[in-house]
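Position 89, counted from 1, in the sequence shown is what the UniProt record's numbering calls 89; the numbers after and before it change by one each time, with no gaps.
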Amino acid sequence: MKIPLRESGDVQALSVKLTLKSETFGLNYKLKFRKTDQVTGWFIQGSAKPRLPRPDAHSHHVLPRPPKMKLKLDQPLFQYYANETIEMRIHAVNEEEEAASVKLDVSITGEHVPRFQVEAGEQTKSADAAPNESRVSGLALGTLTPSSSRDLIVRIDPAPGPTTYEVQVKALYHLESDTATPIMQLLPVDLNVVNAFEANYDLLPRLHPDPWPSLFDTVGLDAWADDDEPAQARGLVQKWCLACHYASFANEDLDVLGMDLAVTSTSQKARFNVLRLPEFPSHGTLVAPKTMYEAEFDFVVQKLSLDDRHPVSIDLGLTIRWRRRGGGGGGSPEKGVNSTTMSIGQHLVLGSEPRVVGSVLHGPPAGTGLLQLDVTIENPSSHFLTFGLTMEPSDSFAFSGAKQTTLNLLPMSRRTRTYRLLPLVRGAYIRPGLVVRDKYFQKVLRVIPTEGMKTDKEGLLIWVPSEADGVEEQAGGGGGGSREDKD
């Protein structure tokens with residue numbers, strides 16, 4: 001006798017009915033089981049006593065039917081990254097002995113679950129983003145014959161940052177010979193999403209080559225629109241360089257295809273313009289794991305009005321376009337390209353305090369090695385200021401220029417004093433004994449270094465390249481790539 005019990009769990013027999021049919025009569029006998037009835041057991045041939053397989057012969061525990069439908073994650077990636085579309089390929093194989101009708105449920109749990117889509121042949125279903133859990137139910141795979149298979153793709157939208165997801169793929173199916181018995185197979189997948197890059201930044205001042213607008217210039221006073229918006233920026237302008245030191249936190253090589261600098265938030269009274277971006281080949285630059293790389297961005301910030309005395313606050317963001325090594329395949333070059341945006345933070349530029357900017361210009365490598373040091377004093381305030389400059393002699397270089405001089409600066413103006421230096425050393429730093437003092441407040445102003453310069457506790461340092469370095473720089477042409485300061 002075979003009685004199929006389709007639902008798993010504990011079951012209990014309430015009664016038994018015996019039916020006998022013959023040519024002369026029919027017999028129906030029904031016996032109800034009571035809890036007080038004594039357990040008799042089963043009499044087995046050759047045994048004088050009944051066999052008691054369990055204490056309660058009226059109850060039975062039904063185990064679920066073991067599924068033979070296999071779910072396997074095809075070519076799983078070792079690591080997934082933020083800002084990358086996660087694509088999981090799942091292989092479903094029918095290892096039952098007969099055909100099965102299959103439906104799929106896919107659920108994703110985690111914090112801020114993004115939108116995802118499930119594709120199985122021509123069938124496609126999607127689920128919207130949710131705070132904790134999102135689900136796709138009842139995706140029909142159709143009928144799978146024995147040993148046949150079907151592929152499906154779970155495509156998850158990029159996560160904005162590091163997170164974890166629990167993905168559960170559930171196959172609900174029944175055999176054609178027993179449509180009333182549901183069978184279930186589960187495939188749990190844990191996804192750990194990490195950041196592909198980390199970076200730190202240095203905001204370095206640069207000297208803008210154009211002259212500052214004059215407070216007494218009448219040009220542009222009538223160039224205002226009817227809505228009181230200026231036709232173009234006519235305020236003070238400064239040039240800056242953002243030095244980005246970034247490293248890949250991936251466990252594999254990545255291709256960096258490009259980098260962009262953008263302002264995520266800024267004052268409405270200033271304009272921002274990027275002058276130079278790092279250059280990358282069309283196929284990208286190989287970035288190895290746990291290796292530091294450098295990139296530089298030159299940008300200009302200019303106030304709209306010359307009457308504006310307030311500093312400008314800018315929030316910068318760095319965007320890295322990248323892909324996995326060989327992610328482009330043989331298709332479109334943009335296939336598999338991801339964009340990771342990292343917040344650089346808030347910076348104040350175009351302040352109201354005076355500053356001193358140093359810049360250096362080297363002569364031809366084959367020449368005498370003469371270099372030009374320009375000391376530019378900026379006065380963005382509305383006051384007349386007087387500064388005293390002192391240059392002390394040194395054993396490492398000779399110089400021409402005023403040993404002591406005074407510069408008077410009008411409001412909203414800047415002036416430059418030039419020194420010519422003849423270094424007596426090569427391939428080393430020289431230290432000009434330059435002191436700039438505010439004569440009214442008797443305050444010494446620090447000279448801010450630019451390219452080829454740096455400062456320490458004792459003051460300004462200028463790098464004097466060797467003859468070999470000079471020849472390499474002349475041959476290289478000073479491209480827009482990254483640069484490392486010499487120690």
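Ideal Cβ placement from N, Cα and C applies to all residues, glycine included.
For residue i, the three-state DSSP class (helix, strand or coil)
i           : result
E84         : coil
E133        : strand
E279        : coil
T467        : Sequence inspection shows Glu at residue 467; the Thr mentioned does not correspond to that position. Residue state, collapsed to three classes: helix.
R115        : coil
W212        : coil
Y201        : strand
D157        : coil
E166        : strand
G46         : coil
F384        : coil
L77         : coil
R34         : coil
H58         : coil
A21         : Note on residue identity: the sequence assigns Lys, not Ala, to residue 21. In the structure shown, K21 sits in a strand (DSSP, three-state: E or B).
A225        : Model confidence at A225 stands at a pLDDT of 47, short of 50, so the residue's coordinates are unreliable and nothing is read from them.
N28         : strand
Q442        : coil
G110        : strand
D128        : coil
residue 493 : Within the shown structure, residues of the chain are numbered from 1 to 487, placing residue 493 beyond reach of any answer.
K103        : strand
N195        : coil
Minimum C-alpha distance to residue i - residue among the options
i           : options                   : result
D436        : L421, L460 and L286       : Looking at the sequence itself, residue 436 is Val, so the reference to Asp does not match. Of the listed residues, the one whose Cα sits closest to V436 is L460.
P182        : K68, L204 and R355        : K68
K170        : I44, V106 and N192        : V106
Y201        : F387, T264, S126 and L318 : L318
S101        : Q238, Q123, T145 and V300 : T145
S396        : Q45, L424 and I462        : L424
R155        : S177, F116, A247 and R417 : F116
S248        : L52, R325 and E23         : R325
R34         : P311, A57 and N195        : A57
L18         : I86, N28 and A243         : N28
Q372        : G358, S381 and H383       : G358
I153        : V189, I90, I108 and E96   : I90
V113        : E166, C241, V360 and G142 : E166
G142        : D128, A120 and I314       : A120
S394        : L409, S413, I430 and D374 : I430
H310        : M342, F297 and G351       : G351
L286        : D260, W322 and D308       : W322
E98         : T179, L207 and P465       : T179
M292        : Y246, Q268, T266 and V189 : Y246
E353        : V337, R446, H283 and L361 : R446
D157        : E87, T164, H383 and A92   : E87
T341        : G452, A127 and V263       : V263
L172        : L187, L203, Q38 and L422  : L187
V356        : K103, T24 and L434        : L434
H347        : I448, S126, V301 and A48  : V301
residue 497 : A233, A127 and T390       : A query on residue 497 cannot be resolved here, the shown segment of the chain reaching from 1 to 487 and no further.
D74         : A92, D308 and P66         : A92
D374        : G336, N338, P160 and P449 : P449
D315        : S343, P50, E294 and I462  : S343
Q232        : L306, L385 and P131       : L306
T368        : T85, L52, R65 and L421    : L421
Proximity below 9 Å, CB of residue i to CB of residue j
i    : j    : result
P411 : Y419 : no
A270 : L304 : yes
A288 : V194 : no
T376 : T416 : yes
R426 : P364 : no
A62  : S137 : Position check: residue 62 holds Val in this sequence, whereas Ala was assumed. Going by C-beta atoms, V62 is not nearer than 9 Å to S137.
Q168 : A140 : no
F280 : F299 : no
Residue i classed as buried or exposed, judged by whether at least 16 other C-beta atoms fall within 10 angstroms
i    : result
I44  : exposed
S149 : exposed
L236 : buried
K239 : buried
S15  : exposed
D255 : buried
S382 : exposed
S134 : buried
E111 : exposed
M184 : exposed
H283 : exposed
beta-carbon residue i near the ligand MN non-hydrogen atom, thresh 8 Å
i    : result
K269 : Although the ligand MN was asked about, the structure shown includes no ligands whatsoever.
So within the stretch 231–280, which uninterrupted beta strand (DSSP E) runs reach at least 3 residues, ignoring any that extend past its ends? 237–248, 254–266 and 270–276
3-residue-minimum beta strand (DSSP E) runs that sit fully inside the stretch 390–437, ordered along the chain: 397–400, 404–409, 413–423 and 428–430
Continuous beta strand (DSSP E) assignments of at least 3 residues falling wholly in the stretch 293–374: 312–324, 338–349 and 355–362
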